[in-house]
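Peer 1: Sharing a structure, written as structure tokens. Questions coming.
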Amino acid sequence: MRTALFLTALFFAHAASVGMEFTLQTRDPATGKITLTREKVDPARVGVIAVDVWNFHWCKTATMRVDAFVPRMNQALEAARALGMTVMLCPSDVVDNYAGYPQREAVFAVPQVPVPALVDVTCPTPPDAGGCACGRERCAVNYGWDGMHPDLKIGEADLMPDTQAEVYAICRQRGLTHLIYVGFHTQV
0 MRTALFLTAL
10 FFAHAASVGM
20 EFTLQTRDPA
30 TGKITLTREK
40 VDPARVGVIA
50 VDVWNFHWCK
60 TATMRVDAFV
70 PRMNQALEAA
80 RALGMTVMLC
90 PSDVVDNYAG
100 YPQREAVFAV
110 PQVPVPALVD
120 VTCPTPPDAG
130 GCACGRERCA
140 VNYGWDGMHP
150 DLKIGEADLM
160 PDTQAEVYAI
170 CRQRGLTHLI
180 YVGFHTQV
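For the sequence shown, position 53 (counting from the first letter as 1) is numbered 52 according to numbering that gives the first Met the number 0, and the numbering increases by one without interruption.
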């Protein structure tokens, strides 16, 4: 929730400017020391990836969080579009339901390029990842989502990639150098 509010504020605060300034954090793998640097970035070189903004989740609390979050996400994504950022909507497991949508079909027109070997990054899984957040009432697992949240606004120029290779090809074609991830269930 705080990430969405931060992104919304960031987008609106910089909407009138030509460039954006990010504070980037890196960690030295040998020492663990964190280094912060500031970098000015052209918004046209930034992609925003909205992950798993589904219309349903088997955990009722997760579904309510998405319901509450989508209006703010729409504001942030609209601001990103206005700045010239590339918006990618990535609804895992259900992108095939968007076959024929111009946003999905446009991905197929992007020339595919080989994905380089990636560094294996191990992220610790949060202790409550994948579980129900409803307290003593435990929801039964039911993978019933079949699309994106009905209130999520899909922009005309948005894209709907489904794979790492498709995202990488879009980044290469458009010269994207920075990606901002927003959304839910992002432990994939």
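Every residue gets a Cβ at the ideal spot worked out from N, C-alpha and C, and that includes glycine.
1. Whose C-alpha, out of Gln24, Phe21, Asn73 and Pro28, is nearest the C-alpha of Asp119?
2. Going by CA-CA distance only, name the one from Arg37, Arg71 and Ser91 that's closest to Gln163.
3. Contact check, Met159 vs Tyr100 under 8 Å by CB: the rounded distance?
4. From Val52, His56 and Arg44, pick the residue whose C-alpha is nearest to that of Ala132; which is it?
5. Are the Cβ atoms of Leu178 and Val40 separated by less than 9 Å?
6. When the Cα atoms are used, what is the spatial distance from Pro113 to Tyr167?
7. Could you give the first and the last residue of the continuous alpha helix (DSSP H) run that contains Thr162?
8. In chain order, which beta strand (DSSP E) runs of at least 3 residues are fully inside the segment 68-149?
9. Measure how close the beta-carbons of Leu76 and Val47 come, nearest whole angstrom, since I'm counting them as under 8 Å.
10. According to DSSP, simplified to helix, strand and coil, what is Lys59?
11. Since Val94 and Asp150 should fall inside the 8 Å C-beta cutoff, what is the C-beta to C-beta distance between them, to a whole number of angstroms?
12. Quick one: residues in its chain with C-beta nearer than 6 Å to the C-beta of Lys152, no 5 flanking neighbours on either side, listed in chain order?
13. For Pro110 and Gln172, what's the separation of their Cα atoms in angstroms?
14. Ignore the nearest five residues each way along the sequence and tell me which others in Val52's own chain have a CB closer than 6 Å to its CB.
15. Looking at Pro42: is its Cβ nearer than 9 Å to the Cβ of Met84?
16. Output yes or no for whether 9 Å exceeds the beta carbon distance between Gln102 and Leu88.
17. Taking the beta strand (DSSP E) that Leu35 falls in, what are its first and last residues?
Peer 2: Considering the structure as presented:
1. Answer by Cα proximity: Pro28.
2. Distance from the Cα of Gln163 is smallest, within the candidate group Arg37, Arg71 and Ser91, for Ser91.
3. That pair is a contact at about 7 Å.
4. Ranking Val52, His56 and Arg44 by Cα distance to Ala132 puts His56 first.
5. no
6. 9 Å
7. Taken as a continuous stretch (DSSP letters only), Thr162 belongs to no alpha helix (DSSP H), as it is neither H nor E.
8. 85-89
9. 7 Å
10. When secondary structure is reduced to three states using DSSP, Lys59 falls in the helix class.
11. About 19 Å separates the two Cβ atoms, so there is no contact after all.
12. Asn73
13. 8 Å
14. Met147, His148, Leu151 and Gly182
15. yes
16. Yes. Within cutoff.
17. For Leu35, the enclosing beta strand (DSSP E) stretches over residues Ile33 to Val40.
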